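Each remark here refers to the structure printed beneath this line.
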Amino acid sequence: MEMDFGGAESRRLPIYLLLDTSGSMAGAPIQAVNQGVNLLYNELMNDPSAIETVHIAVITFDSQAKMVMPLTELTQFNPPNLNAGGTTSLGAALHLLGSSLDRDIVSNSSNRKGDYKPLVFLMTDGMPTDNWEHQADAIKNRTKQKVATIIALGCGGGVETSTLKRITEVVLMMDSVTPDQITQFFKWVSQSVSTASVSAQAAGGGEAQAQLPPPPTGIQVVL
Amino acid sequence: MIVTLADGSKIECEDQPFAEGGEGILFGDKAGTHVIKLYKNVDPQRLAALQKIIGPEYSVVLGEPYWDELFAWPKAIITQPTLGLTMLRAPKGTMELRWFLGAKQRQVLAQKHGSAKLGNWLNNLSLAIKMARVVKRMHFRGLCHSDLSFRNFLVDPQQNRVVLIDCDGLVVPGFLPPNVLGTPMCMAPELMAQITSPGARVDPSSQTDLHALSTLIYWLLFQRHPLIGPKMHAKDPALDEALALGERALFIEDAIDKSNHIPNLPVPYTSMLTSAVQELVEKAFVHGLHNPVKRPSAADWERFLVRMIDAIVSCDNKRCPLGAFVLQPHKPARCPACNTPLKNPPHIPILNFYQPRGGRKGHFQNDRGYTLVGWPDRTLHVWHASPAHTPGPNVDHSPKARLEFDQRQGKWYLQNTDLPEVRLLDGVLGQQEIHPGKRVELIDGARLLLGPPDQCRLAYVEMLKLT
Numbered sequence: 001m002e003m004d005f006g007g008a009e010s011r012r013l014p015i016y017l018l019l020d021t022s023g024s025m026a027g028a029p030i031q032a033v034n035q036g037v038n039l040l041y042n043e044l045m046n047d048p049s050a051i052e053t054v055h056i057a058v059i060t061f062d063s064q065a066k067m068v069m070p071l072t073e074l075t076q077f078n079p080p081n082l083n084a085g086g087t088t089s090l091g092a093a094l095h096l097l098g099s100s101l102d103r104d105i106v107s108n109s110s111n112r113k114g115d116y117k118p119l120v121f122l123m124t125d126g127m128p129t130d131n132w133e134h135q136a137d138a139i140k141n142r143t144k145q146k147v148a149t150i151i152a153l154g155c156g157g158g159v160e161t162s163t164l165k166r167i168t169e170v171v172l173m174m175d176s177v178t179p180d181q182i183t184q185f186f187k188w189v190s191q192s193v194s195t196a197s198v199s200a201q202a203a204g205g206g207e208a209q210a211q212l213p214p215p216p217t218g219i220q221v222v223l
Numbered sequence: 224m225i226v227t228l229a230d231g232s233k234i235e236c237e238d239q240p241f242a243e244g245g246e247g248i249l250f251g252d253k254a255g256t257h258v259i260k261l262y263k264n265v266d267p268q269r270l271a272a273l274q275k276i277i278g279p280e281y282s283v284v285l286g287e288p289y290w291d292e293l294f295a296w297p298k299a300i301i302t303q304p305t306l307g308l309t310m311l312r313a314p315k316g317t318m319e320l321r322w323f324l325g326a327k328q329r330q331v332l333a334q335k336h337g338s339a340k341l342g343n344w345l346n347n348l349s350l351a352i353k354m355a356r357v358v359k360r361m362h363f364r365g366l367c368h369s370d371l372s373f374r375n376f377l378v379d380p381q382q383n384r385v386v387l388i389d390c391d392g393l394v395v396p397g398f399l400p401p402n403v404l405g406t407p408m409c410m411a412p413e414l415m416a417q418i419t420s421p422g423a424r425v426d427p428s429s430q431t432d433l434h435a436l437s438t439l440i441y442w443l444l445f446q447r448h449p450l451i452g453p454k455m456h457a458k459d460p461a462l463d464e465a466l467a468l469g470e471r472a473l474f475i476e477d478a479i480d481k482s483n484h485i486p487n488l489p490v491p492y493t494s495m496l497t498s499a500v501q502e503l504v505e506k507a508f509v510h511g512l513h514n515p516v517k518r519p520s521a522a523d524w525e526r527f528l529v530r531m532i533d534a535i536v537s538c539d540n541k542r543c544p545l546g547a548f549v550l551q552p553h554k555p556a557r558c559p560a561c562n563t564p565l566k567n568p569p570h571i572p573i574l575n576f577y578q579p580r581g582g583r584k585g586h587f588q589n590d591r592g593y594t595l596v597g598w599p600d601r602t603l604h605v606w607h608a609s610p611a612h613t614p615g616p617n618v619d620h621s622p623k624a625r626l627e628f629d630q631r632q633g634k635w636y637l638q639n640t641d642l643p644e645v646r647l648l649d650g651v652l653g654q655q656e657i658h659p660g661k662r663v664e665l666i667d668g669a670r671l672l673l674g675p676p677d678q679c680r681l682a683y684v685e686m687l688k689l690t
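If you're matching them up, the sequences are chains A and B in order. The first sequence begins at 1 in my numbering and counts up one residue at a time. The second sequence begins at 224 in my numbering and counts up one residue at a time.
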């Protein structure tokens with residue numbers, strides 16, 4: 001039996017994964033994404049600082065947007081098994097993200113420690129097929145108010161950077177969509193989160209984006 | 224990959240790094256005994272700094288295997304393919320201290336490695352002593368680490384192992400400026416304060432090291448951070464936290480300002496420690512929190528934590544999560560964790576130690592409340608008998624005397640095994656010599672001289688009745 005010494009509840013670092021599961025991701029890419037989420041989970045479970053703070057949510061989007069995994073404490077998280085098919089409802093996914101941020105993010109109060117600024121990783125390989133512009137503007141407006149940090153990754157030639165730039169300033173592009181590249185991306189996500197869980201504690205130490213590690217080879221930062 | 228050392232010799236190491244930090248990339252060597260660090264950016268001052276740290280003036284490990292186990296100290300300089308260094312690899316089984324600070328981490332660790340890996344409270348106390356010893360050693364050399372943290376202490380509670388890593392970035396005063404401020408939860412308030420209100424520059428120093436050491440010791444012993452309590456300082460969570468660790472830092476157990484108190488804390492520090500160690504906690508988190516010169520030294524932490532071991536008794540409750548606790552004088556003899564009263568043996572001798580007062584023969588003075596709680600088979604060593612000795616690598620560890628409880632007679636004895644001059648002082652009979660191999664009954668009010676009166680301690684026996 002472990003001793004209960006009491007102590008304050010720690011702050012949460014919410015991580016949102018917004019993953020494109022449209023038809024074009026079918027086959028090897030979606031398998032690589034599944035493995036990537038698994039890898040992310042395993043890497044974070046090896047980081048005692050991440051175990052203290054990280055909570056993960058997974059939102060997928062194809063013909064519809066779905067909250068596959070609501071914001072869950074890392075130690076309770078089960079990597080989902082995702083399938084690909086359908087169109088690319090990015091707008092619906094951003095809407096879902098917005099309402100989840102409204103609902104789930106705890107602000108600082110005298111009876112509960114507020115959450116660290118959420119990190120959102122958006123991954124897509126195609127052009128949105130729904131009405132996304134209004135949602136993109138709404139989300140970008142949030143990040144201007146520093147409600148969340150969004151990092152968007154475009155996979156392959158089917159994505160226009162201007163679309164992603166409308167959502168966030170932090171845009172990465174992956175030229176060739178190979179399982180290896182997708183794995184590299186998730187590895188990078190885990191490094192970013194590990195950095196964030198330490199430097200988020202640094203507080204006032206600048207924006208999370210300034211602390212992101214350099215992306216892996218084959219993934220470019222779009223300035 | 225082959226790397227070349229400054230003396231021209233070569234080492235074969237793995238091609239893939241096992242870790243990457245802000246400053247360098249870490250590789251294992253093929254032999255499995257060393258870690259190779261290659262710097263990403265070579266600062267022109269770095270080579271000279273490394274030479275200093277490795278050299279006889281500042282090295283804390285030279286020729287001493289005991290210290291080699293406690294420090295992953297730079298061993299040799301690498302010149303090719305780029306500037307780097309070699310260090311001894313930390314033993315298998317050591318892990319970031321962070322794994323042992325907090326219920327969530329401990330649970331994950333227990334699932335992976337079994338609950339034995341976690342060790343118990345006594346193991347944590349032993350780790351704390353070694354951590355203090357490590358910092359003391361460095362500070363005695365005039366060095367400060369500048370990033371003492373739960374990442375840079377690798378520990379194994381079961382094996383009682385502590386290794387301090389990241390020693391190549393430490394600060395040689397007046398020679399090398401620090402290149403990191405520290406790790407947030409461990410940084411001294413004056414360093415954190417620079418983040419929220421940049422003003423006068425404060426550099427890491429041995430004083431900021433001491434805040435980190437005190438924080439890690441408290442955190443390890445109580446599984447809670449000393450400054451993270453309910454008090455709110457700002458609406459923005461990040462700013463709130465920076466203030467709570469920085470300019471507005473306030474101990475969660477401050478006796479006067481209770482605004483950061485955690486309600487219903489199960490085991491306050493005052494219930495778990497000897498009075499001397501309680502004083503160190505107060506120096507660290509009350510008097511010295513915003514006044515660095517008042518912080519307790521690493522040597523003080525080591526000395527008084529070591530003494531605390533002499534006050535530990537086992538809990539009678541076999542299912543007690545703590546298992547053992549510090550018996551505090553003049554307080555009910557109960558386990559602070561499970562509240563089980565101590566009943567066996569029915570009475571126990573408390574040996575209050577007094578040390579010789581310099582210059583006045585036959586006069587003794589209180590030694591910061593140094594007491595030894597009688598417990599079956601507890602042993603006395605040279606550092607009990609004489610204030611000239613402190614436990615450490617170069618001290619004789621063999622038992623010199625032993626406490627025995629005779630169950631049948633209900634009597635306590637001090638069995639002298641190897642102390643040359645023990646005397647029982649008796650007002651009526653004068654002095655009675657207890658030669659090695661002999662024993663003496665311990666009764667209330669007995670006075671024992673543990674050696675020559677101008678060099679050794681006097682033990683005054685108080686019998687504590689438990690039932």
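Virtual Cβ for every residue (Gly too), placed ideally from N, Cα, C. Predicted, not measured: the structure shown is a model, and the values here were computed from it.
In chain order, what residues of the same chain lie with their CB nearer than 8 angstroms to the CB of residue i, ignoring the 5 residues before and after it?
| i | result |
| --- | --- |
| B/Lys517 | Lys506, His510 and Gly511 |
| B/Gly325 | Gln446 |
| B/Pro614 | Val529, His604, Trp606 and His620 |
| A/Asp130 | Thr87, Thr88, Ser89, Leu90, Gly91 and Ala92 |
| A/Val106 | Arg12, Arg112, Lys113, Gly114 and Asp115 |
If you draw a straight line from the alpha carbon of residue i to that of residue j, how long is it in whole angstroms?
| i | j | result |
| --- | --- | --- |
| B/Phe241 | B/Gln382 | 24 angstroms |
| B/Lys340 | B/Gly316 | 9 angstroms |
| B/His612 | B/Ser621 | 13 angstroms |
| A/Val198 | B/Gly405 | Unreliable placement is indicated for A/Val198, whose pLDDT of 38 sits below 50; no coordinate value is reported for it. |
| B/Gly523 | A/Pro118 | It is worth fixing the name first, because residue 523 of chain B is Asp in this sequence and not Gly. Between B/Asp523 and A/Pro118, the C-alpha separation is close to 42 angstroms. |
| B/Val385 | B/Tyr289 | 11 angstroms |
| B/Arg625 | B/Leu444 | 28 angstroms |
| A/Val171 | A/Ile150 | 9 angstroms |
| A/Thr217 | A/Lys187 | 12 angstroms |
| A/Gly36 | B/Gly337 | 28 angstroms |
| A/Asp175 | A/Leu96 | 28 angstroms |
| B/Glu685 | B/Arg601 | 16 angstroms |
| B/Asn346 | A/Ser10 | 25 angstroms |
| B/Ile532 | B/Leu672 | 22 angstroms |
| B/Pro519 | B/Ser609 | 23 angstroms |
| A/Thr161 | A/Met127 | 10 angstroms |
| B/Gln638 | B/Val618 | 21 angstroms |
| A/Pro228 | A/Gly154 | Since the first residue of chain A shown is 1 and the last is 223, residue 228 of chain A is not available in this structure. |
Since residue i meets chain A, which of its residues come closer than 9 angstroms, beta carbon to beta carbon?
| i | result |
| --- | --- |
| B/Met531 | The premise fails here: B/Met531 is roughly 17 angstroms from chain A at the closest Cβ pair, so nothing lies under 9 angstroms. |
| B/Leu590 | The sequence as given places Asp at residue 590 of chain B; Leu does not occur at that position. Within chain A, no residue comes near B/Asp590; the closest Cβ sits about 30 angstroms away, beyond 9 angstroms. |
So which residues on chain B does residue i lean against when the C-beta distance must stay under 9 angstroms?
| i | result |
| --- | --- |
| A/Pro70 | By Cβ distance, chain B contributes nothing, its closest Cβ being about 19 angstroms from A/Pro70, past 9 angstroms. |
Who are the neighbours of residue i on chain B, taking C-beta pairs under 7 angstroms?
| i | result |
| --- | --- |
| A/Gln51 | Note that residue 51 of chain A is Ile in the sequence shown here, rather than Gln. Those are Lys327, Gln328 and Val331, listed as they occur along chain B. |
Against residue i, what residues of chain B qualify as contacts under a CB-to-CB distance less than 8 angstroms, listed in chain order?
| i | result |
| --- | --- |
| A/Ile75 | Contrary to the premise, residue 75 of chain A reads as Thr rather than Ile in this sequence. Under the 8 angstroms cutoff, chain B gives Lys327, Gln330 and Val331. |
Any chance the CB of residue i is under 8 angstroms from a heavy atom of the ligand ZN?
| i | result |
| --- | --- |
| B/Phe376 | Inclusion of the ligand ZN in the displayed structure is not the case, the ligand content being empty and no account of it being possible. |
Can you name the residues of chain A whose CB is closer than 7 angstroms to the CB of residue i?
| i | result |
| --- | --- |
| B/Lys458 | Asn108 |
| B/Glu470 | Those do not exist, as B/Glu470 stays about 12 angstroms from chain A at its closest Cβ, beyond 7 angstroms. |
| B/Arg321 | Pro48 and Ser49 |
Excluding the 5 residues flanking residue i on each side, which residues of the same chain have their C-beta closer than 6 angstroms to its C-beta?
| i | result |
| --- | --- |
| B/Ile571 | Gly597 and Leu687 |
| B/Arg356 | Glu525 |
Note down, in chain order, every chain A residue with its Cβ under 8 angstroms from the Cβ of residue i.
| i | result |
| --- | --- |
| B/Pro453 | Ala8, Ser110 and Asn111 |
Cutting at 7 angstroms between CB atoms, please list the residues of its own chain near residue i, excluding the five before and the five after it.
| i | result |
| --- | --- |
| B/Pro675 | Glu644 |
Those runs of the beta strand (DSSP E) which lie wholly inside the region 379-448 of chain B and span at least 3 residues: When DSSP assignments are scanned along the region 379-448 of chain B, the uninterrupted stretches of beta strand (DSSP E) that are 3 or more residues long and fall wholly within it turn out to be 384-387.
In chain order, each beta strand (DSSP E) run of at least 3 residues that lies wholly inside the region 254-300 of chain B: Counting only runs of 3 or more, we get 257-262.
Any C-beta of chain D within less than 9 angstroms: which residues of the region 410-431 of chain B qualify? No chain D is present in this structure, whose protein chains are A and B.
Interface positions of the region 437-451 of chain B facing chain A (Cβ-Cβ less than 8 angstroms), listed along the chain: So the list reads Phe445, Gln446, Arg447, His448 and Ile451, given in the order they occur along the chain.
Mind checking the region 1-29 of chain A against chain B and listing, in chain order, the residues whose C-beta falls within less than 9 angstroms of any C-beta there? Of all residues in the region 1-29 of chain A, those with a C-beta nearer than 9 angstroms to a C-beta of chain B are Met1, Glu2, Met3, Asp4, Phe5, Gly6, Gly7, Ala8, Ser10 and Arg11, reading in chain order.
Given a limit of 8 angstroms on CB to CB distance, which residues of the region 99-123 of chain A reach chain B? Going along the region 99-123 of chain A in chain order, one finds Ser107, Asn108, Ser109, Ser110, Asn111, Lys113, Gly114, Asp115, Tyr116 and Lys117 with a Cβ nearer than 8 angstroms to chain B.
For the region 480-498 of chain B, list every residue whose C-beta sits within 8 angstroms of some C-beta in chain A, in sequence order. Listed in sequence order: Ile485, Asn487, Leu488, Pro489 and Val490.
Interface positions of the region 32-62 of chain A facing chain B (Cβ-Cβ less than 7 angstroms), listed along the chain: Under the 7 angstroms Cβ criterion, the region 32-62 of chain A contributes Met45, Pro48, Ser49, Ile51 and Glu52.
Within 7 angstroms of chain A by C-beta, residues of the region 535-554 of chain B in sequence order: The region 535-554 of chain B vs chain A, Cβ under 7 angstroms: Arg542, Pro544 and Leu545.
Beta carbons nearer than 9 angstroms to chain A: which residues of the region 372-386 of chain B have them? So the close ones are Phe373 and Arg374.
What are the start and end residues of each continuous alpha helix (DSSP H) run of 4 or more residues lying completely inside the region 319-376 of chain B, in chain order? Whole alpha helix (DSSP H) segments, 4+ residues: 326-336 and 344-363.
Please give the ranges of any alpha helix (DSSP H) in the region 22-89 of chain A, keeping only runs that are unbroken, at least 4 residues long and fully inside the region. As summarised for the region 22-89 of chain A, the continuous alpha helix (DSSP H) elements at least 4 residues long and confined to that stretch are 28-45 and 48-53, given in chain order.
In chain order, which beta strand (DSSP E) runs of at least 3 residues are fully inside the region 558-626 of chain B? The region 558-626 of chain B contains, as complete beta strand (DSSP E) runs of 3+ residues, the segments 570-579 and 587-596 (chain order).
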